[in-house]
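In what follows, a structure is listed as structure tokens, so that the remarks can point back to it.
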Amino acid sequence: MKRVVPIFILGAVCLCGCSLSKHLARTSVRVEKMYADTLEWGKLPIRTITWEQALSLARKHNLELKDTEDEIENAKRQALSIYTDLIPGVSYYGYMTRSIAQLSDAVESDDLSSSVNVTFSIPALTQVPYRVYSSKARLFAAMKAKEGRYREIVSKLYRIVREREIELAREDLEKKDPEREKKLLLQGEEDLREREEKYWQEVARLIGVRDVRWQIEPESMPHVKWEDYEPRLNRLGSLVVCGFAMRLEQARMAQYGIALNYLPTINTSLYSPSLFSSTGGTYSGTFLDEDDTRLNLSISYSLDTRLSTWNSYQQNKARYEREKIKVADELRDHRNRIYLLRRSMSEYAAWHSFMSKQIAFLKSADKLHAEDFIERAGKLHAMQMELLNQEEKAIESEAALVLEYGMPDEPDSPPCSTEITRH
């Protein structure tokens, strides 16, 4: 018993070192320090960057994009596992046995035993082609999901920066308004500060770095022009096409996976005794030879007498047919949204052109009398303000175009192309 007590003491010390309360206490100190070092948005430094720099930062630091990258790596590992499963497995097993009374004595070879084993198997040969195909589909879907998520980030960032641009332009225009002081009093400085902080937070969240107030130069951002997108509206965006196609293919694959159960199951494996074994110092050496090694090949087939496989197949077949109907309905809805978007943007483009010409005409007109000048200045200010108001409303449609087809300078890839755009 005297020898056993130190062992229990050592175990108790190890358990104390793994105390949950101590780990939480240390972590709590770090959390409190992080909070103490965190500054309010108004105290963070301002850093001005271009549109391309903002996108580059988002590609590196955006957490949603990193989640999609994890999905891609996971899909790659699953695809690789189809082939790594074919590598023979090697395992080592060792143990020591002796009486409690002899624990303080020196360890001898008679107290130790060990062995090395190898296993090799190719389970369900009929499932290998399906696993290869489905792994490729999973990887492709994960890469397209990343591309789609990046498109969403670009669309949201475009909308935020454009809205900020319109807001600053409106503030500059309001400085020329004689009623400006009254409007500022009604609006309140607190509202302006909250809108600014909301802008900083949204941009920082999309970029993925929240220790700086990012100021994106609006002039560095390519603006959406209706004439650049009008020819594209006759067809779906490539990512949208691929999304619908992947839904149909996944539904078809589920049906195909059930149908494979009607094929016989073929398994092959290599069995051998221990490659090496040492038992209590009495024997040590290899056991692998031609007589003891066995290559096993098994074929099994089960009749679907209870119709369970048939019922599952019919159920997945019905789901596939329903999915085709759902996709057709969603495509019709999507076409209607594109039609409304086309009409809205077309009307806005015509109105914007007319208003721009009217403003240009008022600016170039001769100034006759003071009364005419004041009246003309008032009309000009009202028209410019209305132009900004309508331009702000059109930003949502512009962001929808970016989400569907990408930025104006982004190349349009073929639908479901295996050449993934690298971001």
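Numbering (my numbering), first residue to last: -1 to 421. C-beta: ideal position from N, C-alpha, C; glycine also. Note that the structure is predicted; figures quoted are calculated from it, not measured.
How should residue i be labelled, buried or exposed, when 16 other C-beta atoms within 10 angstroms of its C-beta is the threshold for buried?
i           : result
residue 58  : exposed
residue 130 : exposed
residue 219 : buried
residue 314 : buried
residue 222 : buried
residue 136 : buried
residue 85  : exposed
residue 142 : buried
residue 407 : exposed
residue 66  : buried
residue 60  : buried
residue 236 : buried
residue 153 : buried
residue 343 : buried
residue 53  : buried
residue 79  : exposed
residue 40  : exposed
Between the Cα of residue i and the Cα atoms of the options, which residue gives the shortest distance?
i           : options            : result
residue 381 : 359, 398, 145, 196 : 359
residue 240 : 388, 158, 144, 252 : 144
residue 42  : 337, 238, 209, 362 : 209
residue 345 : 332, 395, 83, 91   : 395
residue 81  : 56, 53, 126, 112   : 126
residue 238 : 317, 393, 414      : 414
residue 215 : 160, 172, 231      : 160
residue 299 : 323, 334, 263      : 263
residue 230 : 357, 165, 336      : 336
residue 93  : 104, 112, 79, 76   : 112
residue 253 : 224, 321, 53       : 321
residue 250 : 56, 318, 33, 28    : 318
residue 377 : 405, 171, 329      : 171
residue 448 : 196, 206, 158      : Look at the range of the chain in this structure, -1 to 421, and you will see that residue 448 is not part of it.
residue 232 : 71, 117, 362, 339  : 339
residue 228 : 403, 351, 173      : 403
residue 169 : 405, 398, 379      : 379
residue 432 : 149, 55, 21, 27    : Shown here, the chain extends from -1 to 421; a query on residue 432 therefore has no answer.
With respect to the alpha helix (DSSP H) encompassing residue i, which residues constitute its N-terminal and C-terminal limits?
i           : result
residue 245 : 236 to 257
residue 341 : 306 to 362
residue 124 : Run containing residue 124: none; DSSP gives neither H nor E here.
residue 49  : 49 to 59
residue 28  : 18 to 35
Beta-carbon within less than 6 angstroms of residue i's beta-carbon, same chain only, minus the 5 sequence neighbours each way: which residues are those?
i           : result
residue 155 : 204
residue 244 : 139
residue 213 : 44, 46
residue 183 : Residue placement at residue 183 is poorly supported in this model, since its pLDDT is 47, which falls under 50; the coordinates are not used for a value here.
residue 307 : 259
residue 256 : 310, 311, 314
residue 62  : 147
residue 48  : 215, 218
residue 134 : none
residue 162 : 197
Spatial neighbours of residue i within its chain, please: CB distance less than 8 angstroms, with the 5 preceding and 5 following residues excluded, ordered by chain position.
i           : result
residue 167 : 386
residue 384 : 353
residue 488 : Coverage of the chain is limited to positions -1 through 421, which leaves residue 488 absent and any answer about it impossible.
residue 69  : 140, 143, 144
Output the boundary residues of the beta strand (DSSP E) element that contains residue i.
i           : result
residue 88  : 87 to 94
residue 230 : Element bounds for residue 230: n/a, residue is neither H nor E.
residue 98  : Counting along the chain, residue 98 falls outside any beta strand (DSSP E), and DSSP gives it neither H nor E.
residue 212 : 211 to 214
Kindly list the residues whose CB is nearer than 7 angstroms to the CB of residue i, restricted to its own chain and excluding five residues on each side of it in sequence; keep chain order.
i           : result
residue 6   : Here residue 6 scores only 46 on pLDDT, less than 50, and its place in the model should not be relied on; the value that follows carries that caveat. Cβ neighbours of residue 6 beyond the five flanking positions: none.
residue 325 : 242, 245, 246
residue 392 : 346
residue 74  : 137
- Identify every run of the beta strand (DSSP E) within the region 134 to 208, keeping only runs that are complete inside it and at least 3 residues long; order them along the chain. If we require 3 residues or more, the region 134 to 208 turns out to have no beta strand (DSSP E) run fully inside it.
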